[in-house]
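Read the structure below first, then the notes.
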Amino acid sequence: MTGAKFGPFSVFKHAILWVAVAMILFPPSVLVLNAFKSKTEFSQTSVFKLPSSFLNFDNFGTVMTRAHLDRAYLNTLTIIVVAVIGNVLLGTMVAYILGRFEFKLKKTVLGAYIAVSFVPTITTQVATFTVVHNLHLYNTIWASIVLHLGTSVLQLFIYLQFLHNIPRELDEAAMMEGASLFRIYRTIIFPLLTPATATIVIIKTIDIYNDMFIPYLYMPAQKLAVVSTSLMNFSSERSTEWELMSAAILMIMVPIVVIYLFFQRYVFAGIVNGAVK
Amino acid sequence: MTESLSYAKQKKLLIILFLLVPIVLLAMFALYPALYLVYLSFMSWDGFSPDKTWVGVGNYKEVFENKEVWAAFLHNLVYLGWGLFQNALGLFFALLLNSQLKGRNAYRVMLFMPYIMNGVAVAYMFNYVFNSEYGSFNTLLRSVGLDSLAISWFGSPHAVNHVLGFITLWKFMGLNMVIYLAALQSVPSEIIEAARMDGASRLQTSLRVVLPNITKVIELNLFLTIIGTLEIFDLPFILTGGGPLGASETFLTKTIDTAFKFNNFGMASAMSVTLIVAVIVVLSIQRFATRRWSD
Chain A
1 MTGAKFGPFS VFKHAILWVA VAMILFPPSV LVLNAFKSKT EFSQTSVFKL
51 PSSFLNFDNF GTVMTRAHLD RAYLNTLTII VVAVIGNVLL GTMVAYILGR
101 FEFKLKKTVL GAYIAVSFVP TITTQVATFT VVHNLHLYNT IWASIVLHLG
151 TSVLQLFIYL QFLHNIPREL DEAAMMEGAS LFRIYRTIIF PLLTPATATI
201 VIIKTIDIYN DMFIPYLYMP AQKLAVVSTS LMNFSSERST EWELMSAAIL
251 MIMVPIVVIY LFFQRYVFAG IVNGAVK
Chain B
1 MTESLSYAKQ KKLLIILFLL VPIVLLAMFA LYPALYLVYL SFMSWDGFSP
51 DKTWVGVGNY KEVFENKEVW AAFLHNLVYL GWGLFQNALG LFFALLLNSQ
101 LKGRNAYRVM LFMPYIMNGV AVAYMFNYVF NSEYGSFNTL LRSVGLDSLA
151 ISWFGSPHAV NHVLGFITLW KFMGLNMVIY LAALQSVPSE IIEAARMDGA
201 SRLQTSLRVV LPNITKVIEL NLFLTIIGTL EIFDLPFILT GGGPLGASET
251 FLTKTIDTAF KFNNFGMASA MSVTLIVAVI VVLSIQRFAT RRWSD
């Protein structure tokens, strides 16, 4: 596939790709066109008409206060920060133990992580619900934090792969100098896992930001609403006010798209690593 | 503080300390729920009252004899059809991008973007694309004179699952593409160049040389797609609530409703277990086929 760069074939390729890109950008661009229109302007013009001004941010302001998006962003951010930090700590700890030491139950532990990955989490919610209830986490922000804290097989494999490439001689040299195993984890392993951690932080952030099911099921209180559930609440009240809904959808959608555009390298690394494991 | 302990002792201590919390989490939120689910599937329980009664395989019987459950399951098959098409498109675009095309990374970033978007936001966004009166799609159809095609997309029992299937394709095609692309890039370029030197056309090289080298990844993508279509939930849940008249219920929306709307946790558990078994069956068939293939 080393064809000429500017041949007719490559023009054809670009044409097909542009059609695909247009299909992807069509729905969001309609939102952009209408999020800047006033109520009357929206009702009097076609959905494809440009707004009279792209500086009319009234809808965004209205949505921010009426849908309590400030609170939703804050709740989501809190969950992301606490869960991701905990998740990275626990994930590196498990990887260090499973990647560096031999012990009796090692295979069992690894096997448990793999077995669990075949059970789609959404199907076990019926049972998880009672666990969350009995731990008194229902309708607290901890429900979401705790459920996102655990290491997944995908993360474990990414960490184990990286750990495998950290030479054991480093550990041994540190041991010669009398460093404790905990110290080796803290000063050698954890820092050297940073590239893998970067991937996991990004993937996990996107996961938690986009999660709808856990907050919907376990955190129904209005004041605990995250971005996904606040958009659902807002829609059930004013789904007919399109110019407002357009602004609301964009405000939920854009932050994660920006993060993706900035950190795409890590996103792709995570997806590819996970798939080809 | 552990500096003075022998390494053998340190090792033991560290294994226990480091695995304690992760294992507790795994046990509480993954292993236990899975086992508890199996237990519940043999019980009659409303989710609240302290007493559960043993009903044996009664719940499973109900699942398999319930016409609505089967109807919902058939809707999942519509998604499967779109999922297979999505796979073909993903492979097609991966092949297109696996060349020295100008701006190929920009294309990859664009085509993958829907996958990372918030699912709830995507659902509502498409609500405004396919709305019958003001939706941008029908507006587009009317502006080119195709008024008769501008139907109520979410209101038609025949169209609704296809529209939802299309939205799934829109969102997940990029995932398949990125996985295919990574696999294609791992095919050694010498093999491809050798084929080209021997006079094989571009198409021939793709079909006869490249594709056989990535069968494992094709299977992986198909597996992901099948599992994904079995687990379709949030789109119909948010957009149609299963309507009109249950025309867009899927196996999982039905399961969740059975538990949290109708408080029939026993039957919902039986449905969940059935789904998990289905996933494992699909996986085993795939493993078996792979082994057959490579022998």
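Which chain is which? The protein sequence lines are A and B, in order.
The first sequence runs 1 to 277 under full-length UniProt numbering.
The second sequence runs 1 to 295 under full-length UniProt numbering.
We put the CB at the ideal spot given by N, CA and C, even for glycine.
- Cα atoms of Arg-66 (chain A) and Lys-52 (chain B): separation of roughly 43 Å, rounded to the nearest angstrom.
- Chain-ordered, the chain B residues with CB closer than 7 Å to the CB of Phe-268 (chain A) read Val-178.
- Unbroken beta strand (DSSP E) runs of no fewer than 3 residues, entirely contained in the stretch 65-123 of chain A, are not found.
- The Cβ atoms of Tyr-266 (chain A) and Val-201 (chain A) lie closer than 9 Å to each other.
- Residue pairing by DSSP puts Ser-44 (chain B) in a beta bridge opposite B:Thr-53.
- One Cα belongs to Ala-95 (chain A), the other to Val-281 (chain B), and the distance between them is close to 30 Å.
- By the CB criterion at 9 Å, Ala-123 (chain B) and Ile-238 (chain B) fall inside the cutoff.
- Scanning its chain for C-beta atoms nearer than 6 Å, with the 5 sequence neighbours on each side dropped, one finds around Met-271 (chain B) the residues Val-63 and Thr-255, in chain order.
- When C-beta distances to chain B are compared with 9 Å, the residues of the stretch 177-198 of chain A below that value are Gly-178, Ala-179, Ser-180, Leu-181, Phe-182, Arg-183 and Tyr-185, in chain order.
- Residue range 67-97 is occupied by the alpha helix (DSSP H) that includes Leu-80 (chain B).
- Look at the stretch 71-97 of chain B: the residues with a C-beta under 9 Å from a C-beta of chain A are Leu-89, Phe-92, Phe-93, Leu-95, Leu-96 and Leu-97.
- Here Leu-31 (chain A) is not near Ser-235 (chain A), since their CB atoms are 9 Å or more apart.
- With a cutoff of 9 Å on beta-carbon distance, Tyr-79 (chain B) and Asn-176 (chain B) are scored as not near each other.
- With respect to chain A, the C-beta atom of Ile-218 (chain B) has no partner C-beta closer than 9 Å.
- Residue state for Thr-250 (chain B) is assigned as coil, using DSSP reduced to three classes.
- Here Gly-47 (chain B) is not near Gly-174 (chain B), since their CB atoms are 9 Å or more apart.
- Identification of chain A residues near Ile-214 (chain B) by a Cβ-Cβ cut-off of 9 Å yields none; the smallest Cβ-Cβ distance measures about 11 Å.
- In the structure shown, the three-state DSSP call for Ser-6 (chain B) is coil.
- Judged by their CB atoms, Gly-270 (chain A) and Ile-203 (chain A) are nearer to each other than the 9 Å cut-off.
- Below 8 Å, too few C-beta pairs join the stretch 104-116 of chain B and the stretch 217-225 of chain B to call them touching: fewer than three.
- Just measuring C-alpha positions, the residue of A:Asn-56, A:Asn-34, A:Ala-22 and A:Phe-9 sitting nearest Glu-241 (chain A) is A:Asn-34.
- Distance from the Cα of Phe-137 (chain B) is smallest, within the candidate group B:Tyr-32, B:Val-163 and B:Val-129, for B:Val-129.
- A contact between stretches requires three or more CB pairs, one per stretch, nearer than 8 Å, and the stretch 241-257 of chain B meets this requirement with the stretch 63-73 of chain B.
- Around the C-beta of Lys-13 (chain A), 16 or more other C-beta atoms lie within 10 Å, and the residue is accordingly described as buried.
- For Ile-232 (chain B), the three-state secondary structure derived from DSSP is coil.
- Judged by DSSP secondary structure, Met-23 (chain A) falls within the alpha helix (DSSP H) whose first and last residues are 8-35.
- Here Ser-201 (chain B) is exposed. Its C-beta has fewer than 16 other C-beta atoms within 10 Å.
- Listed along chain A are Thr-124, Ala-127, Thr-128 and Val-131, each with a C-beta nearer than 7 Å to that of Pro-33 (chain B).
- As for any alpha helix (DSSP H) of minimum length 4 sitting wholly inside the stretch 145-231 of chain B, the runs are 160-185, 189-197 and 215-230, ordered along the chain.
- Proximity of Leu-37 (chain B) to chain A, defined by a Cβ-Cβ separation below 9 Å, is satisfied.
- Closer than 9 Å to the CB of Gln-264 (chain A) there is at least one CB belonging to chain B.
- Under the three-state reduction of DSSP, Leu-250 (chain A) is assigned to helix.
- Here the alpha carbon of Ala-259 (chain B) sits roughly 33 Å from the alpha carbon of Asn-87 (chain B).
- Its chain contains Leu-37, Val-38 and Ser-41 as the residues whose beta carbon lies nearer than 7 Å to that of Val-273 (chain B), once the 5 sequence neighbours on both sides are disregarded; these appear in chain order.
- Burial state of Thr-197 (chain A) is buried, judged by a 10 Å Cβ sphere holding 16 or more other Cβ atoms.
- The stretch 186-203 of chain B makes no contact with the stretch 143-157 of chain B: fewer than 3 CB pairs, one atom from each, lie closer than 8 Å.
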